[in-house]
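Read the structure below first, then the notes.
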Amino acid sequence: LAPWVPVVGLEVHAQISSNSKLFSGSQVQFAAPPNSLVSFFDASLPGTLPVLNRRCVEAAVMTGLALNCSINKKSLFDRKHYFYADLPAGYQITQQRVPIAVNGSLSYSLCIDNKMSQMVTKTVRIKQIQLEQDSGKSLHDDTRSQTLVDLNRAGVGLMEVVMEPDMCCGEEAAAAVRELQLILQTLGSSQAVMAEGQLRVDANVSVHHPGEPYGVRTELKNINSIRFLAKAVDYEIQRQIEELENGGTILNETRAFDSKLGCTVPLRDKEGKQDYRFMPEPNLPPLILYDAKSLPANMNHQQVINIDWIHERLPDLPSVKREKLVEQYGILPEHSFTLMNEDGLAEFFENVVKQTQMKPKKVIGWILKDLLGYLKEHSLTVKESPVSSYLLADLLNLLEKKEISSTAAKQVLAELWKGEGKTPLEIVKEQKLQLLQDQKELEQICQAVIDRQENE
Amino acid sequence: QKVSVEVLDHLEHLALVDFRDAEGVERLQKAIEFADQLHEVNTDGVEPMDSVLEDRCLYLREDDVTEGNCTKELLENARETVEEYFVAPPGNIPLPKLGERETFLQDS
Chain A
1 LAPWVPVVGL
11 EVHAQISSNS
21 KLFSGSQVQF
31 AAPPNSLVSF
41 FDASLPGTLP
51 VLNRRCVEAA
61 VMTGLALNCS
71 INKKSLFDRK
81 HYFYADLPAG
91 YQITQQRVPI
101 AVNGSLSYSL
111 CIDNKMSQMV
121 TKTVRIKQIQ
131 LEQDSGKSLH
141 DDTRSQTLVD
151 LNRAGVGLME
161 VVMEPDMCCG
171 EEAAAAVREL
181 QLILQTLGSS
191 QAVMAEGQLR
201 VDANVSVHHP
211 GEPYGVRTEL
221 KNINSIRFLA
231 KAVDYEIQRQ
241 IEELENGGTI
251 LNETRAFDSK
261 LGCTVPLRDK
271 EGKQDYRFMP
281 EPNLPPLILY
291 DAKSLPANMN
301 HQQVINIDWI
311 HERLPDLPSV
321 KREKLVEQYG
331 ILPEHSFTLM
341 NEDGLAEFFE
351 NVVKQTQMKP
361 KKVIGWILKD
371 LLGYLKEHSL
381 TVKESPVSSY
391 LLADLLNLLE
401 KKEISSTAAK
411 QVLAELWKGE
421 GKTPLEIVKE
431 QKLQLLQDQK
441 ELEQICQAVI
451 DRQENE
Chain B
1 QKVSVEVLDH
11 LEHLALVDFR
21 DAEGVERLQK
31 AIEFADQLHE
41 VNTDGVEPMD
51 SVLEDRCLYL
61 REDDVTEGNC
71 TKELLENARE
81 TVEEYFVAPP
91 GNIPLPKLGE
101 RETFLQDS
């Protein structure tokens with residue numbers, strides 16, 4: 001039986017974190033009264049024109065630089081035409097011919113065989129990043145056979161990040177998206193919260209035999225979490241393999257992931273192949289970006305975007321932060337990975353280290369096993385932890401000074417977890433967990449035990 | 001070179017126009033012939049132009065909230081609304097295929 005090679009590519013839409021929309025001054029906000037954050041332009045009323053938001057361009061440049069892309073100093077806007085109730089203009093303004101950034105790469109880590117101790121680094125090529133408008137939201141009311149349309153989201157800025165088909169399974173796709181999410185959050189260019197629709201992923205999946213041309217691909221949509229992304233991709237790979245091994249064919253179609261059934265299903269009739277009739281957006285001249293060399297002398301600063309200026313101000317990316325943690329604290333790469341993977345955990349760890357004499361290599365165990373264990377058990381985020389870094393450091397100091405045993409420390413932590421406001425020292429005294437250090441006192445106790453034994 | 005029925009049908013689907021009758025199709029045909037005159041110009045080595053404004057500066061707006069909050073005004077344009085939502089049919093209703101609808105193109 002010839003082996004199958006699965007091929008997975010991704011199209012990720014990240015909502016830009018900005019106050020106002022890409023081409024208009026209405027507000028960007030999740031969950032507001034329907035149609036309250038809509039300007040005349042967003043509603044596509046006649047006589048309105050797009051005006052580009054500077055912040056959105058900066059966000060796209062930052063993201064392009066962080067993903068090692070070439071930034072196109074001249075990029076163009078186009079119209080992509082299709083009819084849908086939540087697209088009032090009948091077209092979306094996007095960048096089809098010349099996007100703002102191209103040819104980058106994203107490195108991500110995977111655990112081999114689910115063992116945290118063995119991590120490999122993989123890379124996926126970034127084909128391009130383009131700026132485009134988001135559409136409004138459709139609420140389908142099947143009982144009354146109608147669709148309710150809310151345009152609050154219409155016109156919000158998106159960065160579409162296109163990843164080449166360099167991935168081979170659900171795990172790789174999920175890891176790549178997770179790393180992209182962390183990068184976007186570190187940059188602040190997008191908050192990338194999938195649950196709020198700020199990060200949407202479509203996957204392109206196909207299979208073929210080694211040495212043969214790529215197979216027909218299907219597009220997977222409606223994936224609501226990173227976990228479901230992995231499941232959807234793996235299910236689709238299996239489905240395609242089974243279909244082909246049974247002599248069937250794969251249709252070039254769009255499928256949705258049904259999270260309840262754990263399978264992919266064909267999406268309702270998409271009217272055959274779409275013809276988007278791309279044309280240049282006539283109301284927007286080319287977007288020109290500058291660098292230190294090409295900076296024009298006489299232009300108003302507010303009208304100039306300097307790529308080098310943005311590059312100099314990029315924060316440390318997650319991969320850099322991970323290396324710094326390993327170097328600075330002597331912890332293992334997989335520890336550093338887990339610290340960065342949990343929002344606020346790296347900061348928490350560093351705060352504890354600052355406030356305790358215990359070596360970071362020992363502190364890390366308490367953070368990753370005990371603290372993180374409790375948080376996961378109670379579905380809490382680091383920010384919601386009833387045990388602060390100050391309290392934990394206090395406890396670890398007692399342990400370090402040998403005033404309590406390791407077992408006792410765990411008991412104290414369990415008590416601290418209740419969040420009743422007691423300090424570690426108070427709990428130790430209450431539960432009489434102090435280690436006896438006094439030699440004479442220990443001798444007396446031992447002697448008493450021996451005497452009792454002899455008397456029995 | 002006449003525009004084929006397939007192309008006309010495709011255009012009717014895409015743009016939801018109705019060529020209505022032979023006169024409509026003829027008008028389209030004439031418009032294409034008129035535009036085809038552009039092919040007589042030698043454009044070797046000349047970059048295509050997008051618009052006469054393409055060498056203007058693209059204005060960049062500051063990221064401030066300056067509009068929105070006009071729900072009532074916007075909804076006034078809609079024939080039907082439900083609790084401040086616009087109302088639309090359930091999904092796209094595609095134009096019936098060529099053989100299944102009444103169009104002059106059928107007889108072409």
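Chains as they are written, first to last, in UniProt numbering: chain A, 1 to 456; chain B, 1 to 108.
A virtual CB, placed ideally from N, CA and C, is assigned to each residue, including glycine.
Under 8 Å (Cβ pairs) to chain A, residues found in the region 53-83 of chain B
L53, E54, D55, R56, C57, L58, Y59, L60, R61, E62, D63, D64, V65, T66, E67, G68, N69, C70, T71, L74, L75, N77, V82 and E83
Measure from the C-beta of A/D275 to each C-beta in chain B and report whether the shortest distance is under 8 Å.
yes
Contacts around residue 462 of chain A, its chain only, beta-carbon distance under 6 Å, and the 5 residues preceding and following it disregarded:
With chain A covering 1 to 456 only, the question about residue 462 of chain A has no answer from this structure.
CB contact below 8 Å: A/N19 versus chain B
With 8 Å as the cut-off, A/N19 counts as an interface residue toward chain B.
Using the Cβ count rule (16 or more neighbours within 10 Å means buried), how would you classify A/H335?
buried
Spell out whether any CB of chain B is found under 8 Å from the CB atom of A/N72.
no
In the DSSP assignment, what residue or residues form a beta bridge with A/Q128?
A/V102 and A/V162
Under 8 Å between the Cβ atoms of A/S189 and A/I71?
no
How many angstroms separate the CA atom of A/D343 from the CA atom of A/T381?
One C-alpha to the other measures close to 7 Å.
Within-8 Å CB hit, B/V7 to chain A:
Not one chain A Cβ lies under 8 Å of B/V7.
Comparing the C-beta of B/D18 with each C-beta of chain A, is any distance below 8 Å?
no
Since A/A256 sits in a beta bridge, which residues does DSSP pair it with?
Beta-bridge pairing links A/A256 to A/K221 and A/V265.
Start-end ranges of the alpha helix (DSSP H) lying completely within the region 396-429 of chain A, minimum 4 residues:
406-417
Which residues in chain B have a C-beta closer than 9 Å to the C-beta of A/I288? List them in chain order.
C57 and L58
Proximal chain A residues relative to residue 109 of chain B, where beta-carbon distance stays under 8 Å
An answer regarding residue 109 of chain B cannot be provided, because it is not within the stretch 1 to 108 covered by chain B.
Over what stretch of residues does the beta strand (DSSP E) that includes A/Q146 continue unbroken?
Q146 to D150
Could you tell me how far apart the beta carbons of A/V428 and A/V412 are, in whole angstroms, since I believe they sit closer than 8 Å?
6 Å
Give a yes or no on whether 8 Å exceeds the smallest Cβ distance from B/P90 to chain A.
Output row for B/P90: interface = yes.
Assumed close pair A/D42, A/L151 - CB separation to whole angstroms, cut-off 8 Å:
Rounded, the Cβ-Cβ distance is 6 Å, consistent with contact.
Assigned secondary structure, A/T338 (DSSP; H/G/I helix, E/B strand, else coil):
helix
So for A/V177, helix, strand or coil by DSSP?
helix
Comparing the C-beta of A/Q303 with each C-beta of chain B, is any distance below 8 Å?
yes
Please decide whether B/L98 counts as near chain A, where near means a Cβ-Cβ distance under 8 Å.
No - not a single Cβ of chain A is within 8 Å of the one on B/L98.
Along the region 27-55 of chain A, where does the CB come closer than 7 Å to a CB of chain B? Name the residues.
Q27, P33, P34, N35, S36, L37, V38, S39, A43, V51, L52, N53, R54 and R55
B/G91 versus A/T143 - alpha carbon distance
14 Å
Which residues of chain C have a Cβ atom closer than 8 Å to the Cβ of B/V87, listed in chain order?
Among the protein chains of the structure shown, namely A and B, there is no chain C.
List the residues of chain B whose Cβ lies closer than 7 Å to the Cβ of A/S24, in chain order.
E67
Compute every distance between the C-beta of A/I129 and the non-hydrogen atoms of the ligand MN, then say whether any falls below 7 Å.
Among the components modelled here there is no ligand, and therefore nothing to report on the ligand MN.
On a Cα-Cα basis, can you pick out the residue from A/Q128, A/L131, A/L148 and A/Q130 that is closest to A/K137?
A/L148
How many angstroms separate the CA atom of A/R97 from the CA atom of B/V5?
Distance from the CA of A/R97 to the CA of B/V5, rounded to the nearest whole angstrom, comes to 30 Å.
Going by C-alpha distance, which of A/L187, A/Y91 and A/T121 is nearest A/T63?
A/L187
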